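K.L.:
Just dropping this structure here.
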Amino acid sequence: MAHANLIDGRAIAGQILGELALRVAALKAFALTPGLAFVRVGEDPASRVYVGRKEKACADLGIFSETHVLPYAATQAELITLIHRLNADPRLHGILVQAPLPKHIHEAAVYSTVLPEKDVDGFHPVNVGKLMLGDPSGFHPCTPAGIRQLLIRSNVATDGAEVVVLGRGNIVGKPMAAMLCQKGPGANATVTLCHSATRDLPAHCRRADILIAALGVAHFVKAGMVRPGATVIDVGVNRIDGKLVGDVDFLNVQPVAGKITPNPGGVGPMTIAMLLQNTVRAAEIRAGI
Ligand code: GUN
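Last residue of the sequence shown: 1011 (this note's numbering), numbering continuous.
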């Protein structure tokens, strides 16, 4: 059984989508269809693919979605005007502005404009603050929330575990570290956040019971950086000669790891499932459920 230690993100996302389908049906019984707006700026090929997958996932689950595409040269003021319009649209329960944005647009200003109750990405400062405070009323960013679900549903114990997160980005690394050090299921871990200035990063990695690679460097995590039996989560999406590869040198790390996510087929489907979950929850909150 060569693949006995794989964490199957597609299968686990499928379970979650099955649970969400029941919640969507319940909302529709109250004549409420959850709605999600996507905003893309420019024609970044990866962003087109990601938004396309998210649109399809919405359609499959019976969530209404609409996509707004602004040209790369659009101004920050134009983007913010669009977001104000989406904030005021009662058909929409969630708004997702796909990152990265063009360099001339200040991402923080844009994410601060999305109403916190429609911020299904969990990027608004109010939701970031609630995550830090352990206030469960906020939305959690989709990729770290999905990783947490992967760990819970694969029976990977996090309570008291040594977790090493590689990468300090706002979308994955930082919120992942904040989430895993909270009290509660799928958390309560001892978290080390490593980044480009970390001294002897491989030594930190080798201490990890759970190693989460979200730094965006192809095949960065080598077999010698992984403690035998550790759980390895590969968040990276890198392109080498047109081929997609993760942050983990999968072929060599898989035999050492206790459990490992394939990439693709690990974290990616979970990010989408969590986006839909946040959107359904936003609709439920609006409906007073
Ligand atoms: N770009 C990469 N990941 C994400 C995400 O989760 N949300 C948004 N909006 N953009 C991203």
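Every residue gets a Cβ at the ideal spot worked out from N, C-alpha and C, and that includes glycine. Note that the structure is predicted; figures quoted are calculated from it, not measured.
Look at the alpha carbon of R929 and the alpha carbon of K852, and state the distance between them as a whole number of angstroms.
P.N.:
If you take the alpha carbons of R929 and K852, they lie about 30 Å apart.
K.L.:
If you reduce the DSSP assignment to three classes, tell me which class G774 lands in.
P.N.:
helix
K.L.:
At what residues does the alpha helix (DSSP H) containing C916 begin and finish?
P.N.:
Taken as a continuous stretch (DSSP letters only), C916 belongs to no alpha helix (DSSP H), being part of the beta strand (DSSP E) at 912-916.
K.L.:
Could you check how far apart the C-beta atoms of L792 and L801 are, in whole angstroms? I think they sit under 8 Å.
P.N.:
Right, the Cβ-Cβ distance comes to about 6 Å (below 8 Å), so this counts as a contact.
K.L.:
Pair every Cβ in the segment 941-953 with every Cβ in the segment 902-920, then say whether three or more of these pairs are closer than 8 Å.
P.N.:
no
K.L.:
Looking at L818 and the ligand GUN, is the gap between the Cβ and the nearest heavy atom below 7 Å?
P.N.:
yes
K.L.:
For K896 and H917, I'd like the C-alpha separation in whole angstroms.
P.N.:
Roughly 11 Å separates the two Cα atoms.
K.L.:
With DSSP as the reference, label T983 as helix, strand or coil.
P.N.:
coil
K.L.:
To the nearest angstrom, report how far apart A831 and A753 are at their CA atoms.
P.N.:
34 Å
K.L.:
Kindly list the residues whose CB is nearer than 6 Å to the CB of D841, restricted to its own chain and excluding five residues on each side of it in sequence; keep chain order.
P.N.:
N849, F861
K.L.:
Alpha carbon to alpha carbon, how far is V1002 from R921?
P.N.:
42 Å
K.L.:
Measuring only from the beta carbon, is A935 closer than 7 Å to any heavy atom that is part of the ligand GUN?
P.N.:
no
K.L.:
Can you tell me which of the three DSSP states I955 falls into?
P.N.:
strand
K.L.:
Pop quiz: G731 and V989 are said to be a contact at Cβ under 8 Å. What is the actual Cβ separation, rounded to whole angstroms?
P.N.:
Sure, about 6 Å apart at Cβ, within 8 Å.
K.L.:
Going along the chain, which residues of its own chain have a beta-carbon closer than 7 Å to the beta-carbon of A724, five neighbours each way excluded?
P.N.:
Note that A724 has pLDDT 48, beneath the 50 cutoff, so the model's placement of it is unreliable and the number below is only indicative. Hits under 7 Å: none found.
K.L.:
What is the residue span of the alpha helix (DSSP H) that E829 lies within?
P.N.:
829-835
K.L.:
For the alpha helix (DSSP H) containing V848, list its first residue and its last residue.
P.N.:
847-855
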